[in-house]
Every structure is written in C-alpha cells, then in structure tokens.
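Peer 1: Take this structure first; my questions come after.
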Amino acid sequence: MKLYIKYMVSLRCKMLVKEELKKLGLDCISVELGMAEMQEDITDELREAFRINLEKAGLELLDSKKDILVEKIKNVIIEMVHHAEDIPDVNDSDYISEKLGYDYTYLSNTFSEVKGMTIQKFIILHKIEKAKEMLLYDEDNLTEIAFKLNYSSVAHLSNQFKKVTGFTPSFFKEMKFKREKNLENL
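Position 32, counted from 1, in the sequence shown is what UniProt numbering calls 32; the numbers after and before it change by one each time, with no gaps.
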C-alpha cells in the first residue's frame, strides 16, 4: 500500500514520516519523494491517526488522486531543477511525461486545474530560484548559469529573471555585494 504525503523533499521530512509510521507500529518499505510505501494495508483508524500526526508536524496526507498527481509533478520538477546534477537536455514536457507515465496534456490540465498555474510557469519559477541561488553562491557567470539551466540564451534567462523578480540578474548579484560590503563596515 502506498501513502502519499505532501512535504518538501528533505532528509528531515523523510525522517519525520518514518518516525510517525514507527510510532503507530507500521513498517514502511521506503519513503521517497512524497510517498511512503507500506508493507501491508493499514486500517482507516491508523491512516487517520497518521494523518493527524502529520498535520501536527506541518505535513499533509493526500487523498485526492488529482492532488497526488500534482504533488508527483511538483516533485519531478523540483528534483529536475534543484537536485539533478544537470537539468536533462530534453523538452520539459517529454521529461515529465516520461517520468510519470502519463500524457503531458493530461498532466498539464490536471496541474492547471489544481494549482491555478501552468506547469511551465511552475518550472520557470523554480529555474529562477535556482538561478538566484547560483548567482549568490556559485562562481558561475550568467552564461554558465543559462547553459546549466537549459536556457536557449543569456537574454532568455535575463528576461525571465526580470519578469519574475523585477531585477536584472546583474543587479541582483550586485545587491549581494552591496550587502556584504555593508556588513563589513559595521
């Protein structure tokens, strides 16, 4: 039996889910990307107790098939943008469709219906977050960042960056240096 849980992909959350299952005397095979796979079926009472314990910890047990699918889509995108060594050099829609085994149109329509935004918008928001992180903490220049995030050009990345943040990438990076300089002068 599989239980679907809404949580950020982090070691802390995975450990929390495992602990809550253990408290209830449930053995899990694995806890990965928002899903806990159980060895056996669980009763409705245990499922409800698990749901309540998760909510106390700020997590959510998902019941709706559409919500579960949207969480899977989000997790694939987050893993693709933030946790993969390199963003796959294939069309985003093909990658997501292949990973989840569904037609992209179905995935896209379900995502838009539940989240109120397109999958592409969600990907752009996460790519810009990754770009901001890389600008602040990496040694990469904008050309390298655009390449690593599979943008067709630096101009394309810059335009999306400005649209999402209101700043150009160079201004954003310059703000970091000004903050660091101000901290040094304190």
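Ideal placement from N, C-alpha and C gives every residue a C-beta, glycine not left out.
Should Leu-149 and Lys-127 be called a contact, given that it needs their Cβ atoms to be closer than 7 Å?
Peer 2: Contact flag set, yes.
Peer 1: Thinking C-alpha only, which one of Glu-20, Phe-161, Gln-160 is nearest Ala-49?
Peer 2: Among Glu-20, Phe-161, Gln-160, the Cα nearest to that of Ala-49 is on Glu-20.
Peer 1: Exposed or buried, Ile-119, counting other C-beta atoms within 10 Å across all chains shown (16 or more means buried)?
Peer 2: It is buried - the Cβ of Ile-119 has at least 16 other Cβ atoms within 10 Å.
Peer 1: Residues in its own chain within less than 8 Å of Val-154 by CB, not counting five upstream and five downstream?
Peer 2: Same-chain partners within the cutoff: Leu-142, Thr-143, Ala-146.
Peer 1: Alpha carbon to alpha carbon, what distance is there between Val-114 and Glu-45?
Peer 2: Cα to Cα, Glu-45 sits roughly 28 Å from Val-114.
Peer 1: Here's the rule I'm using: 16 or more other beta-carbon atoms within 10 Å means buried, otherwise exposed. How should Phe-111 be labelled?
Peer 2: Under this definition Phe-111 is a buried residue.
Peer 1: In this structure, how does DSSP classify Leu-59 when only helix, strand and coil are distinguished?
Peer 2: Reduced to three states, the DSSP call for Leu-59 is coil.
Peer 1: CA-CA distance, Tyr-95 and Glu-79?
Peer 2: Tyr-95 and Glu-79: Cα-Cα distance of roughly 12 Å.
Peer 1: When you compare each of Arg-51, Lys-121, Ile-77 to Asp-63 by their alpha carbons, which one comes out closest?
Peer 2: Per the Cα distances, Arg-51.
Peer 1: Any chance you could list the alpha helix (DSSP H) runs of at least 4 consecutive residues sitting entirely within the stretch 83-127, in chain order?
Peer 2: Taking only runs of at least 4 residues, the alpha helix (DSSP H) segments lying wholly in the stretch 83-127 are 92-100, 104-115.
Peer 1: Since Leu-136 contacts Lys-178 with CB under 8 Å, what's their CB separation in whole angstroms?
Peer 2: Not quite, the Cβ-Cβ distance comes to about 13 Å (not below 8 Å), so this is no contact.
Peer 1: Go through its chain and collect everything with a Cβ distance to Leu-24's Cβ below 7 Å, but skip five positions before and after it.
Peer 2: Same-chain partners within the cutoff: Leu-46, Ala-49, Phe-50.
Peer 1: Taking Cβ positions, are Ile-124 and Gln-160 nearer each other than 7 Å?
Peer 2: A contact, by the Cβ cut-off of 7 Å.
Peer 1: Is Lys-99 near Val-76, with beta carbons less than 7 Å apart?
Peer 2: The answer is yes: Cβ separation under 7 Å.
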